[in-house]
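Under the working numbering, residues 165 to 818 are what the sequence shown spells out, in order.
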Amino acid sequence: MTAPLIQLDHLERSFQTGEVEVRVLKGISLTVEEGEFLAIMGASGSGKSTLMNLIGGLDYPSGGSYYFKGREIANYSQEELAKLRREHFGFIFQRYHLLNTLTAKGNVEMPAIYSGVSAGDRDRRARDLLKALGLGDRVDYYPTQLSGGQQQRVSIARALMNGGEIILADEPTGALDSASGKAVLEILKELNAKGHTVIMVTHDPDVAAHAKRVIELKDGLVIRDTKQAPPPVTSNHIDLHEEAEPKKVGLYGQLLQRISNAFKMAVISMAMQRMRTFLTMLGIIIGIASVVLVIALGRGTTDRILENINAMGTSTLTVFPGSGFGDRRSGRIQSLRPSDVAVLEKQSFIHSVTPVVSHSVSVRYHNITAVNVSLQGVGFQYFDVEGYDITQGVGFDRESEDELKLEAVIDENTVETLFPNGENPIGEVIMLDHLPVQVIGVATSKSTGMRGSNNMNVWVPYSTLMKRMLGQNFLRNITIRVDEDVNLKLAEKSITDILTVLHGKKDFFIFNADTIRETIEETTMTMRILVTSIALISLLVGGIGVMNIMLVSVAERTREIGMRMAVGARQSDVSQQFLIEAVLVCLLGGVLGLSLALGLGFIMGQVNTDFPLRFSMSSIILAFFASFLIGIIFGYFPAKRASELAPIEALERS
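Below, the structure written as structure tokens:
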């Protein structure tokens, strides 16, 4: 024996109101066979709408059993309930529940989207249904452009989109004038005549008279169940020919279709609330702009400092007498000798080496005198080791050292002081205290930002300074530049071993210039992390703002959520839509924030070069990833909350 289409056994439904439990249905038992036209009647509060919602899977019973084609609904999962509504039921609501953001065709197509029907078949069937219901010329009209009767016809077409095996009509004529109401009843009768099972809720006996069977409820109980002969169908509104099974796309195609629909609805929602959308993403814009600018400024500053260090020669080691910079005796220790330089020059891993002797002198040219000028005796490789360019004339050579030549190289500050009228200093003789020397070159530092731009520097061969002025045979320090491919720490160890053997003891210490780089990188990284953390706080605040607005959006759009669930949307479809909307808001905020950062960077670059900004692809990718991550994190809770709404709760809250 074939099981009935619908079978209810002692079905109950109770609601908790404060501490009081209200029993709306008190044990309903009835069966509905395929092809019936059933009217459920009763006064307000009798439980007729509650019964229809339970039959349609929009609500859940508190007790008893509900069997659909022999299978108990209590055993259905959420996905199966959505499939049941999607493939077997078609809902016609008193208040239509159409989305004003979609056209008539868009509203009708919605159930087929969740069923995985191909776009071409959806479009064709929606147009055919609207045409059959007399709305062929209203396909692209929005609900606000249609009358009440026309809107109800759109909802009927939507109910039939996936076949509408069972039509559930809740007061379908309640919001219509008499003429429109009569037309809707004729349509329902025609659908029943074509094989659709129709279950209609009404409080009007005249409306119920059109059904073949009437169930009357009172105080949650069936008090009458009668069959009757309704008036015959007086017209033919619907002319739908038998159609082939609509083509459905594959599993991945269905997922793509649902995501595409969610994306479209998210864009529409954002466009309709432009100001709120902008205010929502404002925190994201500020946060992303801050993070990108901080990273760019940190990279730019670090790169500039490191460029200056590189210009000085990062692969350099400086040997000083004594045990360290804190050794007060180092000034009296005379352990470094020119012979040490000669030995170091022969090492294969050393690029260049220069001795250094320092002294402070007065410099005079004609009637111009400069006091406290830094005079350094250096080797001919000094300018390569320390990163200087000879911009005029020439530098020293080996002969300058060997013959104690009275030659000098001066810097630009010295040129400006001694030759203020733009004279060519090359070949001129200047006095270093009482020692005359000839200027053979002008040196310019590649890293002036690291040296102090007001200092005056004069360089002479170290042998000239030691023997012609100071009368000493020891060096102040030795600066060594190792080859680029040599590990600086290994080079430092080798030099330490060599000099220890030469001196018979370790009466010197070595300063590794690479520690400057490491210290600067560590310091700037710490500062970047600190400032980036502050910027990330603004991103966090922006994310919380997105979550709050999305929660408000869920509360405002419960009717839409309920309607989508009624036509078969899964919980994942609902959460997907709100999550995509949150991600879109954040990504758009990220794009605007990035644009703001790049714009400000361009302006700062044009106005003030003291703030070097170095934008990188990694920071841009980070900005987009951060935007996406914030959308996911702060959009998840509102999306989850929306998906967990019971369909009937969402519909009745609107």
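Glycine included, each C-beta is placed from N, C-alpha and C at the ideal position. Remember, predicted model here, so these are calculated numbers, not experimental data.
Next on the checklist: Quick check on the burial criterion: 16 or more other C-beta atoms within 10 angstroms. Buried or exposed for N531?
Outcome noted: N531 should be labelled exposed.
Checklist entry - Just reading off the beta strand (DSSP E) that T181 is part of, what are its end residues? => result 170-181
Next on the checklist: Quick check: what's the CA-CA separation for G616 versus I644?
Outcome noted: The predicted model places G616 with a pLDDT of 47, which falls under 50 and marks its position as unreliable; any figure quoted below should be read in that light. Cα to Cα, the separation comes out at about 22 Å.
Next on the checklist: So V362 and L352 are supposed to be a Cβ contact under 8 Å. How far apart are they, rounded?
Outcome noted: 5 Å
Item to check | Between the CA atoms of R422 and G757 - distance to the nearest angstrom | outcome: 30 Å
Checklist entry - Buried or exposed: F132, going by 16 or more other Cβ atoms within 10 Å of its Cβ? => result Outside the displayed range of the chain (165 to 818) lies residue 132, so it cannot be described from this structure.
Checklist entry - When the distance is taken between beta carbons, is A339 closer than 8 Å to G312? => result Contact: yes.
Checklist entry - Can M819 and E273 be called in contact, C-beta distance under 8 Å? => result With the chain covering 165 to 818 only, the question about residue 819 has no answer from this structure.
Item to check | Counted within 10 angstroms of its Cβ, other Cβ atoms place I574 as buried (16 or more) or exposed | outcome: buried
Checklist entry - To the nearest angstrom, how far is it from the Cα of M768 to the Cα of I452? => result 18 Å
Next on the checklist: To the nearest angstrom, how far is the alpha carbon of G591 from that of L694?
Outcome noted: 54 Å
Checklist entry - Taking DSSP as the reference, what is the three-state secondary structure of G706? => result Of the three classes helix, strand and coil, the one that applies to G706 here is helix, per DSSP.
Checklist entry - In three-state DSSP terms, what is H367? => result coil
Next on the checklist: What does the Cβ neighbour count give for P275, buried or exposed, with the cut at 16 atoms within 10 Å?
Outcome noted: Burial call: buried.
Item to check | Counted within 10 angstroms of its Cβ, other Cβ atoms place E406 as buried (16 or more) or exposed | outcome: For E406, the predicted model reports a pLDDT of 46, less than 50, meaning its position is unreliable; a value from the coordinates is still stated below. Burial call: exposed.
Checklist entry - If G551 and V521 are in contact, beta carbons under 8 Å, what's the gap, nearest whole angstrom? => result Going by Cβ atoms, the distance from G551 to V521 rounds to 20 Å, so no, they are not a contact pair.
Item to check | Start-end ranges of the alpha helix (DSSP H) lying completely within the stretch 521-581, minimum 4 residues | outcome: 546-550, 562-566, all fully within the stretch 521-581.
Item to check | CA nearest to the CA of L461, picked from G765, E176, L385, T578 | outcome: Comparing Cα-Cα distances from L461 to each of G765, E176, L385, T578, the minimum goes to G765.
Checklist entry - Going by the beta-carbon positions, is the gap between D671 and L652 smaller than 8 Å? => result Between D671 and L652, the CB-CB gap reaches or exceeds 8 Å.
Checklist entry - Just to confirm, are Y278 and G732 a CB contact at a threshold of 8 Å? => result The criterion of a C-beta distance shorter than 8 Å is satisfied by Y278 and G732.
Next on the checklist: Using DSSP's beta-bridge definition, name the partner residues of V517.
Outcome noted: I644
Next on the checklist: I'd like to check one pair, K376 with F253: are the Cβ atoms closer than 8 Å?
Outcome noted: no
Checklist entry - Rounded to the nearest angstrom, how far is the Cβ of L568 from that of R632, given a contact under 8 Å? => result Confirmed, Cβ separation roughly 6 Å.
Item to check | C-alpha gap between P124 and I432, whole angstroms | outcome: Summary: the structure shown does not reach residue 124, with the chain confined to residues 165 through 818, and so no result is reported for it.
Next on the checklist: The alpha helix (DSSP H) that contains T660, what's its start and end?
Outcome noted: 652-667
Next on the checklist: Per DSSP, what are the beta-bridge partners of M205 in this structure?
Outcome noted: T366, E380
Next on the checklist: Taking only three categories from DSSP, how would you classify L245?
Outcome noted: helix
Checklist entry - Among D597, F484, V517, which has the Cα closest to the Cα of V525? => result D597
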